[in-house]
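Down below is the structure, laid out as structure tokens.
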Amino acid sequence: MKDVVVRTEALTRDFQKTRAVDALSIEVARGTVFGFLGPNGSGKTTTIRMLLGLLEPTSGKAEVLGFDASTESEGIRLRSGALLEHPGIYERLSAADNLELYGRIWQLPASERRVRIKQLLESFGLWDRRKEIVGTWSRGMKQKLAVARTMLHRPVLIFLDEPTAGLDPIAANDLREELMTLVHREGVTVFLTTHNLTEAERLCSRVAVIRQGRLLAHGHPDELRARAGGQKVEIVGRGFSDQIVATLRNRPEIRSAAIQNSRLLIELQDHSGVSPLIPVLLGAGVEIEEIRKGRATLEDVFLTLVEEEDRS
Amino acid sequence: MIRDVRTMIWKEWKEFLVQGGRSRKGRLFTVGIPIAIFGIFIPWRAGPGYVNNLGSLIVPALMPLLFTMAIVSDSFAGERERHTLETLLASRLSDEAILFGKLAAAVLFAGGMFVFMMTLGLIGVNLAHSDGRLLLFPLNRVIAVLVLDFLLAAFVSAAGVLVSLRAATVRQAMQTLNMGFMVMMFGSLFGFESLPATWRATLLRRLSGENSGQTLFVAALILVLLDVALLTSVHTRFRRARLILD
Numbered sequence: 155m156k157d158v159v160v161r162t163e164a165l166t167r168d169f170q171k172t173r174a175v176d177a178l179s180i181e182v183a184r185g186t187v188f189g190f191l192g193p194n195g196s197g198k199t200t201t202i203r204m205l206l207g208l209l210e211p212t213s214g215k216a217e218v219l220g221f222d223a224s225t226e227s228e229g230i231r232l233r234s235g236a237l238l239e240h241p242g243i244y245e246r247l248s249a250a251d252n253l254e255l256y257g258r259i260w261q262l263p264a265s266e267r268r269v270r271i272k273q274l275l276e277s278f279g280l281w282d283r284r285k286e287i288v289g290t291w292s293r294g295m296k297q298k299l300a301v302a303r304t305m306l307h308r309p310v311l312i313f314l315d316e317p318t319a320g321l322d323p324i325a326a327n328d329l330r331e332e333l334m335t336l337v338h339r340e341g342v343t344v345f346l347t348t349h350n351l352t353e354a355e356r357l358c359s360r361v362a363v364i365r366q367g368r369l370l371a372h373g374h375p376d377e378l379r380a381r382a383g384g385q386k387v388e389i390v391g392r393g394f395s396d397q398i399v400a401t402l403r404n405r406p407e408i409r410s411a412a413i414q415n416s417r418l419l420i421e422l423q424d425h426s427g428v429s430p431l432i433p434v435l436l437g438a439g440v441e442i443e444e445i446r447k448g449r450a451t452l453e454d455v456f457l458t459l460v461e462e463e464d465r466s
Numbered sequence: 120m121i122r123d124v125r126t127m128i129w130k131e132w133k134e135f136l137v138q139g140g141r142s143r144k145g146r147l148f149t150v151g152i153p154i155a156i157f158g159i160f161i162p163w164r165a166g167p168g169y170v171n172n173l174g175s176l177i178v179p180a181l182m183p184l185l186f187t188m189a190i191v192s193d194s195f196a197g198e199r200e201r202h203t204l205e206t207l208l209a210s211r212l213s214d215e216a217i218l219f220g221k222l223a224a225a226v227l228f229a230g231g232m233f234v235f236m237m238t239l240g241l242i243g244v245n246l247a248h249s250d251g252r253l254l255l256f257p258l259n260r261v262i263a264v265l266v267l268d269f270l271l272a273a274f275v276s277a278a279g280v281l282v283s284l285r286a287a288t289v290r291q292a293m294q295t296l297n298m299g300f301m302v303m304m305f306g307s308l309f310g311f312e313s314l315p316a317t318w319r320a321t322l323l324r325r326l327s328g329e330n331s332g333q334t335l336f337v338a339a340l341i342l343v344l345l346d347v348a349l350l351t352s353v354h355t356r357f358r359r360a361r362l363i364l365d
């Protein structure tokens, strides 16, 4: 992979008898939005902490922006931004003071600080409320301010740990869109952890799936979808029977077929179409009302991977 | 490093000063009370002898230490409680900048408050009782109290940060600190009382007599040693990974 900004080799972290991260090896290319997916407690936050040099790995190695995360973490923190598990906003200060503080921390000159703070607060629709004490704000607004703070010093890499967790769907969607607009405008690499698979599907060009600290899969979302199965077709209608399902299962273009809630669910082999099946169904006396085609979602991918893991 | 320490001081003071609210009434209350007590009431009641009374310097020197305790209790325990610590640790600031910034914020606040209240007292006593001549504290006494106040503030701050690093909440840090200082205060008092009468008399003579300078020097030396020991301990205790997991 060209121009890798994050590389881990067998990165492992134990907490007493619990292995939080287990021999994790991943690579993140520059300029991509990398999704690090997994359920709660799967080791995502611990991984970010190790990548930022906030936690020592038990074994293995992590290299971020060319710096060793164990011995040169100052270099990583200097060039990256992080929105961690909590927004980390000073609630007794105003929005402008929060950004002023981090502008000073990153030693932005006063004139640049003023311009940048205005630009970011305007991007997130917070400029008119910049003098308000942040403690009175909604969670969504605080989260937007935290993202603005993360991008204030124009980092080349940002870590976002569950940025939309706890937000209502509208606030989450707003934040996602504003975040992506900014990310594309500023060309940063994003290391995004989430357990929201729909979010990952919308934002990420590459994903890694982690469970109980172990990497289950790593690649482009389409590659992972292919692993979870082919194209899915849902047929709504009347007259489905076990005999029809058995007939369909014998056809070469069909990977699986089942009746669920009076619907016929079919999974096609790669590159197969649904049209040859229509005459077969009509011939068997099925009344078709609607046909829906869909691809495997990352949720399907995740469930498949978990099943595979459990079986092995 | 100096710039980062200044940034931390800016942040600590800003947070401390706005924690009572941003209202005009709140600010007037915060500033008005010390002005009324130390700038008007005490100098007016004490008369011209105010500048020769050691208590006129000791009280304004010791009072701000209470604020110092509040600032340092909040320093790490407060950041941990409000979930801002990890973000701060994930910034480019070095361990030393964060640590010394927080310590300096508390020490300078105590020193600044002392100078402010001492100046208020001088203005007050001169306005009320000057009779055309300028009333001033003896310079050597001002310097001695200022040095001791600085060392004492450093001691309180370092002890406070050490407690705050270990405490889960601000309340817990404040309780531990209060307890510690009560033990120290009452311990000294009872310790002094339990000394033989001749020793007590000698000690009092040394504090007030011609040799008071020498005694203050010894006290300052002891405080310097205590400060160095505490600061070393705080610096050793301050580890990012440890703070994240605490």
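Chains as they are written, first to last, in the working numbering: chain C, 155 to 466; chain U, 120 to 365. Here a beta-carbon is modelled for each residue, glycine too, at the ideal position from N, C-alpha and C.
Is residue i close to chain U? Criterion is C-beta to C-beta, closer than 9 Å.
| i | result |
| --- | --- |
| Ile-259(C) | yes |
| Arg-231(C) | yes |
| Pro-241(C) | yes |
| Glu-228(C) | yes |
| Ala-319(C) | no |
| Ala-300(C) | yes |
What distance in whole Å lies between the Cβ atoms of residue j and residue i, which are believed to be in contact at a cut-off of 8 Å?
| i | j | result |
| --- | --- | --- |
| Arg-365(C) | Ser-196(C) | 5 Å |
| Val-244(U) | Pro-162(U) | 4 Å |
| Val-218(C) | Ile-202(C) | Rounded, the Cβ-Cβ distance is 10 Å, inconsistent with contact. |
| Pro-317(C) | Leu-333(C) | 7 Å |
| Phe-345(C) | Val-460(C) | Going by Cβ atoms, the distance from Phe-345(C) to Val-460(C) rounds to 23 Å, so no, they are not a contact pair. |
| Phe-456(C) | Leu-191(C) | 7 Å |
| Asn-252(C) | Leu-299(C) | 6 Å |
| Glu-443(C) | Val-390(C) | 5 Å |
| Thr-203(U) | Gly-242(C) | 5 Å |
| Thr-321(U) | Ile-259(C) | Actually they are not in contact, since the Cβ atoms of Thr-321(U) and Ile-259(C) sit about 53 Å apart, beyond 8 Å. |
| Ile-271(C) | Glu-254(C) | 7 Å |
Could you list which residues in chain C have their beta carbon closer than 7 Å to that of residue i, in chain order?
| i | result |
| --- | --- |
| Ala-360(U) | Leu-208, Leu-209, Glu-210 |
| Ile-363(U) | Arg-203, Leu-208, Leu-209 |
| Arg-122(U) | Gln-261 |
Beta strand (DSSP E) containing residue i: first to last residue?
| i | result |
| --- | --- |
| Val-159(C) | 158 to 169 |
| Ser-313(U) | Note, Ser-313(U): premise wrong, no beta strand (DSSP E); not H, not E. |
| Thr-304(C) | No beta strand (DSSP E) holds Thr-304(C); the alpha helix (DSSP H) holding it covers 293 to 305. |
| Ala-362(C) | 360 to 365 |
| Arg-417(C) | 417 to 422 |
| Ser-213(C) | 213 to 218 |
| Ile-442(C) | 441 to 448 |
| Thr-347(C) | 343 to 348 |
| Leu-313(C) | The amino acid occupying residue 313(C) in the given sequence is Phe; Leu does not appear at that position. Taken as a continuous stretch (DSSP letters only), the beta strand (DSSP E) holding Phe-313(C) covers 311 to 315. |
| Val-428(C) | Segment: none, Val-428(C) is in no beta strand (DSSP E) and carries neither H nor E. |
| Gly-235(C) | 234 to 237 |
Residue range of the alpha helix (DSSP H) that residue i falls in?
| i | result |
| --- | --- |
| His-248(U) | 214 to 248 |
| Phe-190(C) | Premise fails: Phe-190(C) lies in the beta strand (DSSP E), 187 to 191, not in any alpha helix (DSSP H). |
| Asp-176(C) | Here Asp-176(C) belongs to no alpha helix (DSSP H); instead the beta strand (DSSP E) covers 172 to 178. |
| Lys-285(C) | Looking at the DSSP string, Lys-285(C) is not in any alpha helix (DSSP H), and its letter there is neither H nor E. |
| His-338(C) | 323 to 340 |
| Leu-269(U) | Sequence inspection shows Phe at residue 269(U); the Leu mentioned does not correspond to that position. Looking at the DSSP string, the run of the alpha helix (DSSP H) that includes Phe-269(U) is 258 to 285. |
| Val-434(C) | 431 to 437 |
| Gly-257(C) | 249 to 259 |
| Arg-392(C) | That residue, Arg-392(C), is in no alpha helix (DSSP H); its beta strand (DSSP E) goes 386 to 392. |
Whose Cβ in chain C lies nearer than 8 Å to the Cβ of residue i?
| i | result |
| --- | --- |
| Glu-134(U) | Tyr-244, Arg-246, Leu-247 |
Name the chain U residues that come within less than 8 Å of residue i, Cβ to Cβ?
| i | result |
| --- | --- |
| Asp-251(C) | Lys-133 |
| Leu-238(C) | Glu-205, Thr-206, Ala-209 |
Taking 9 Å as the threshold (beta carbon to beta carbon), is residue i in contact with chain C?
| i | result |
| --- | --- |
| Trp-129(U) | yes |
Which chain U residues sit within Cβ distance under 9 Å of residue i?
| i | result |
| --- | --- |
| Leu-255(C) | Thr-126, Trp-129, Lys-130, Lys-133 |
Where the stretch 200 to 214 of chain U meets chain C: residues whose CB sits under 9 Å from a CB there: Cβ contacts with chain C come from Arg-201, His-202, Thr-203, Leu-204, Glu-205, Thr-206, Leu-207, Leu-208, Ala-209, Ser-210, Arg-211, Leu-212, Ser-213.
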